[in-house]
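Going down the list, the sequences are from chains G and Y.
Quick note on this note's numbering: the first sequence kicks off at 6 and runs consecutively.
Quick note on this note's numbering: the second sequence kicks off at 6 and runs consecutively.
2 protein chains.
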Amino acid sequence: MNVLIVHAHPEPKSFCAALKDTAVEVLSSIGHEVFVSDLYQMNFNPVASAQDFLARENPDYLSYALEQRRGLDAGNLKSDIQEEISKVKNADLIIFTFPIFWMSVPAIMKGWIDRVFVSGLFYGGKRIYGKGGMQGKKALVCTTLGGREYMFGNDGIHGQLYGVAGMLRPLLQGSFGYVGMDVLEPFVAYHVPYIANKDREEIILNWRQQLLAIDAIPIMAMPCLDSYDDTFKPIR
Amino acid sequence: MNVLIVHAHPEPKSFCAALKDTAVEVLSSIGHEVFVSDLYQMNFNPVASAQDFLARENPDYLSYALEQRRGLDAGNLKSDIQEEISKVKNADLIIFTFPIFWMSVPAIMKGWIDRVFVSGLFYGGKRIYGKGGMQGKKALVCTTLGGREYMFGNDGIHGQLYGVAGMLRPLLQGSFGYVGMDVLEPFVAYHVPYIANKDREEIILNWRQQLLAIDAIPIMAMPCLDSYDDTFKPIR
Numbered sequence: 006m007n008v009l010i011v012h013a014h015p016e017p018k019s020f021c022a023a024l025k026d027t028a029v030e031v032l033s034s035i036g037h038e039v040f041v042s043d044l045y046q047m048n049f050n051p052v053a054s055a056q057d058f059l060a061r062e063n064p065d066y067l068s069y070a071l072e073q074r075r076g077l078d079a080g081n082l083k084s085d086i087q088e089e090i091s092k093v094k095n096a097d098l099i100i101f102t103f104p105i106f107w108m109s110v111p112a113i114m115k116g117w118i119d120r121v122f123v124s125g126l127f128y129g130g131k132r133i134y135g136k137g138g139m140q141g142k143k144a145l146v147c148t149t150l151g152g153r154e155y156m157f158g159n160d161g162i163h164g165q166l167y168g169v170a171g172m173l174r175p176l177l178q179g180s181f182g183y184v185g186m187d188v189l190e191p192f193v194a195y196h197v198p199y200i201a202n203k204d205r206e207e208i209i210l211n212w213r214q215q216l217l218a219i220d221a222i223p224i225m226a227m228p229c230l231d232s233y234d235d236t237f238k239p240i241r
Numbered sequence: 006m007n008v009l010i011v012h013a014h015p016e017p018k019s020f021c022a023a024l025k026d027t028a029v030e031v032l033s034s035i036g037h038e039v040f041v042s043d044l045y046q047m048n049f050n051p052v053a054s055a056q057d058f059l060a061r062e063n064p065d066y067l068s069y070a071l072e073q074r075r076g077l078d079a080g081n082l083k084s085d086i087q088e089e090i091s092k093v094k095n096a097d098l099i100i101f102t103f104p105i106f107w108m109s110v111p112a113i114m115k116g117w118i119d120r121v122f123v124s125g126l127f128y129g130g131k132r133i134y135g136k137g138g139m140q141g142k143k144a145l146v147c148t149t150l151g152g153r154e155y156m157f158g159n160d161g162i163h164g165q166l167y168g169v170a171g172m173l174r175p176l177l178q179g180s181f182g183y184v185g186m187d188v189l190e191p192f193v194a195y196h197v198p199y200i201a202n203k204d205r206e207e208i209i210l211n212w213r214q215q216l217l218a219i220d221a222i223p224i225m226a227m228p229c230l231d232s233y234d235d236t237f238k239p240i241r
């Protein structure tokens, strides 16, 4: 497999970076080709804007998704976007390693999605979910956070977020599933800033085992287009 | 009231910008003081990083939340963060106007939260939700999207996201509620790129009416700390 790791943590010596390094090491050791987009190291620009297009179809009014579609066809997307698109196209599996910032991804990773998941290629019109442009690719999230697992349980203080997988649903379903990827159950490391080294080692060990048996990680259920008509109204 | 509008749209002539302008006009006309942080216009930097601190307690390892807390006390936060914090402190109501990008806020707005909601002031230790640092302030989201309302209904194609308010729960509860704000039910403008001018005018009219009767907008229920012990375990 070709694997792309998209990594976003402001501290290169973080535990999250260790999880990223573990993925590089383990997946390379079993013969996969691994590529890394380390967004902080790359100084990646996360702001979707008019500057993303070398030329515009409509210079008077920016419709971002429309310009993405045209820019893609005309070769007018900025080179940093183009490079990330090539990496995604080349990948069979994309792993996202990041710390939870405000119950979601850090802005630099959100912007990677905003700018790289271009309309016309990743999705378009009715081509979403099972018909999305990135069918056949897998997505795997590996994330670290300060909270404890019970805080996200049914009766937990953040319970209304439906667990970390529920909290990340805009990402897992609304972004990765939406473009047609098979989304694996996320790997979540809880309470990271506060735990002992031995607990961190155990997490690394679990992560290593997950990576060695990626095919065994359950795929999350996504909406099935067959249940909806052409206007995405449910078929009864 | 002092009102802060945090606005993020890459096109100044967008319908979303018209909603922002409407808020400025309506709220000013009834005597409120209105301040605007137009993040694209300000060229706001959304990337939380080591550069956010003029000096660091620990130059060898970046613990972002820890440095926020110390930087706040020592006056070492970068000036753009400090300015936004002052605007928030001064505000009784904060309105967020933005288009939905990938079922969430645009990266530039996510980064405004990542960098401005500093530990030690907005929250800290057990001071979250009802004890959060921004108690007494109101938050109101006004957002535009391409999808139709029925797509987010219970049996809709994006139904598993629990409606737009559910989809935005990491923002509404996990960010604004978390820091103690009263979070008003969001104002959502559906299908915006595809609707006729008369439909847009109707949305503007609805928005205007909401703004004129802000006290009538329902406040979203948030977790109640009384139901949890000191370690945030549920009290049975």
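Every residue, glycine too, gets a C-beta built ideally from N, C-alpha and C.
Starting from Ile-99(G), follow the beta strand (DSSP E) in both directions and report where the run begins and ends. First-last of the beta strand (DSSP E) with Ile-99(G): 98–104.
Where DSSP assigns a beta bridge to Ser-42(G), which residues make up the other side? Ser-42(G) is bridged to Val-11(G).
Run the CB neighbour count on Asp-57(Y), radius 10 Å, all protein chains shown included, and call it buried at 16 or more, exposed below. Counting Cβ neighbours within 10 Å, Asp-57(Y) comes out buried, since at least 16 surround it.
Would you say Val-110(G) reaches chain Y, if we count a Cβ-Cβ gap shorter than 9 angstroms as a contact? So yes, Val-110(G) belongs to the interface.
Neighbour flag for Arg-174(Y) against chain G, beta carbons, 9 angstroms: Interface annotation, Arg-174(Y): in contact with chain G, CB-CB separation under 9 angstroms.
Measure the CB-CB distance between His-12(G) and Thr-102(G) and report whether it falls below 9 angstroms. Their beta carbons are under 9 angstroms apart, which means His-12(G) touches Thr-102(G) by this criterion.
What does Ile-113(G) touch in chain Y if you count any residue whose Cβ is under 7 angstroms from its own? Chain order gives the chain Y residues near Ile-113(G) as Val-52, where near means a beta carbon separation below 7 angstroms.
Exposed unless 16 or more other CB atoms sit within 10 angstroms - verdict on Pro-51(G): Pro-51(G) is buried by the Cβ-count criterion.
So Pro-191(G) contacts chain Y; which residues on that side make the cut at Cβ distance below 7 angstroms? Those do not exist, as Pro-191(G) stays about 14 angstroms from chain Y at its closest Cβ, beyond 7 angstroms.
Under 7 angstroms by beta carbon: chain G residues contacting Ala-55(Y): Contact of Ala-55(Y) with chain G by beta-carbon distance below 7 angstroms involves Pro-15.
Taking the beta carbon of Tyr-199(G) as the centre, do at least 16 other beta carbons fall within 10 Å, making it buried, or is it exposed? Classification of Tyr-199(G): exposed, given that the 10 Å Cβ count is below 16.
On the CB-based measure, 16 or more other CB atoms within 10 Å of its CB, does Leu-145(Y) come out buried or exposed? Its Cβ being crowded by 16 or more others within 10 Å, Leu-145(Y) is buried.
Which residues does DSSP pair with Thr-148(G) in a beta bridge? Phe-103(G) and Val-193(G), per the DSSP bridge assignment.
So, does the CB of Phe-106(Y) fall closer than 9 angstroms to a CB anywhere in chain G? At least one C-beta of chain G is nearer than 9 angstroms to the C-beta of Phe-106(Y).
Contact set for Ala-96(G): own chain, Cβ-Cβ below 6 angstroms, skip 5 residues either direction: Annotation for Ala-96(G): Asn-7 and Leu-9 place their beta carbon closer than 6 angstroms to its own, counting only its chain and skipping 5 residues before and after.
Are the beta-carbon atoms of Val-123(Y) and Arg-174(Y) separated by less than 9 angstroms? No; because the gap between Cβ atoms is not below 9 angstroms, this pair is not in contact.
State the start and end residues of the unbroken alpha helix (DSSP H) segment that holds Leu-59(G). Per DSSP, Leu-59(G) belongs to no alpha helix (DSSP H) and is neither H nor E.
Please go through the same chain and pick out, in chain order, the residues whose beta-carbon is closer than 8 angstroms to the beta-carbon of Ile-113(Y), but skip the five residues on each side of it. The answer, listed in chain order, is Ala-13, Leu-44, Tyr-45, Phe-49 and Pro-51.
Ends of the alpha helix (DSSP H) at Thr-27(Y)? Segment 20–34, the alpha helix (DSSP H) holding Thr-27(Y).
What number of angstroms, rounded off, separates the C-alpha of Gly-152(G) from the C-alpha of Ala-194(Y)? Just so you know, the alpha carbons of Gly-152(G) and Ala-194(Y) end up roughly 34 angstroms apart.
Could you check if Gly-80(G) is buried or exposed, using at least 16 other CB atoms within 10 Å of its CB as the buried criterion? Exposed, since its Cβ has fewer than 16 Cβ neighbours within 10 Å.
Determine the extent of the alpha helix (DSSP H) in which Lys-115(G) is found, giving its start and end residues. Per DSSP, the unbroken alpha helix (DSSP H) holding Lys-115(G) starts and ends at 112–121.
Can you check DSSP and say which residues form a bridge with Ser-109(Y)? Beta-bridge partners of Ser-109(Y) (DSSP): Phe-106(Y).
On a CA-only basis, which of Leu-77(Y), Asp-234(Y), Ser-232(Y) and Thr-148(Y) is nearest Ala-23(Y)? Give me that one, please. Comparing alpha-carbon positions, the option among Leu-77(Y), Asp-234(Y), Ser-232(Y) and Thr-148(Y) lying closest to Ala-23(Y) turns out to be Thr-148(Y).
Please classify Ser-232(G) as buried or exposed, where buried requires at least 16 other C-beta atoms within 10 Å of its C-beta. Exposed.
Inter-stretch contact at 8 angstroms, needing at least 3 Cβ pairs: the segment 128–141 of chain Y / the segment 125–139 of chain G: No, they do not touch.
Once the 5 residues before and after Leu-59(Y) are set aside, which same chain residues still bring their CB inside 6 angstroms of it? Same-chain partners within the cutoff: Asn-81.
In terms of residues, what are the limits of the alpha helix (DSSP H) holding Met-225(G)? Unbroken run through Met-225(G): none, as it is neither H nor E.
Out of Ile-240(Y), Val-39(Y), Ser-68(Y) and Pro-64(Y), state which residue places its alpha-carbon closest to the alpha-carbon of Arg-155(G). Rather than Arg, the amino acid found at residue 155(G) in this sequence is Tyr. Selection Ile-240(Y), Val-39(Y), Ser-68(Y) and Pro-64(Y) evaluated against Tyr-155(G) yields Ile-240(Y) as nearest (Cα-Cα).
Just to confirm, does Glu-154(Y) get its C-beta within under 8 angstroms of one of the non-hydrogen atoms of the ligand HEM? Absent from the structure shown: the ligand HEM. Ligands present: none.
With distances taken between CB atoms, is the gap from Val-110(G) to Ile-86(G) smaller than 9 angstroms? Cβ distance not < 9 angstroms, so Val-110(G) and Ile-86(G) don't count as in contact.
Could you please give me the residues that DSSP links to Arg-241(Y) through a beta bridge? The partner list for Arg-241(Y) (beta bridge, DSSP) is empty, contrary to what the question assumes.
My understanding is that Gln-165(Y) touches Pro-191(G), with C-beta atoms under 8 angstroms, so please give their C-beta distance in whole angstroms. Not quite, the Cβ-Cβ distance comes to about 15 angstroms (not below 8 angstroms), so this is no contact.
Looking at the secondary structure, which residues open and close the alpha helix (DSSP H) in which Lys-94(Y) lies? Counting along the chain, Lys-94(Y) sits inside the alpha helix (DSSP H) bounded by residues 84–95.
Where Tyr-167(Y) falls: helix, strand or coil (DSSP): Residue state for Tyr-167(Y) is assigned as coil, using DSSP reduced to three classes.
Given this structure, state the Cα-to-Cα distance separating Asp-78(G) from Ile-100(G), to the nearest angstrom. The C-alpha of Ile-100(G) is placed about 27 angstroms away from the C-alpha of Asp-78(G).
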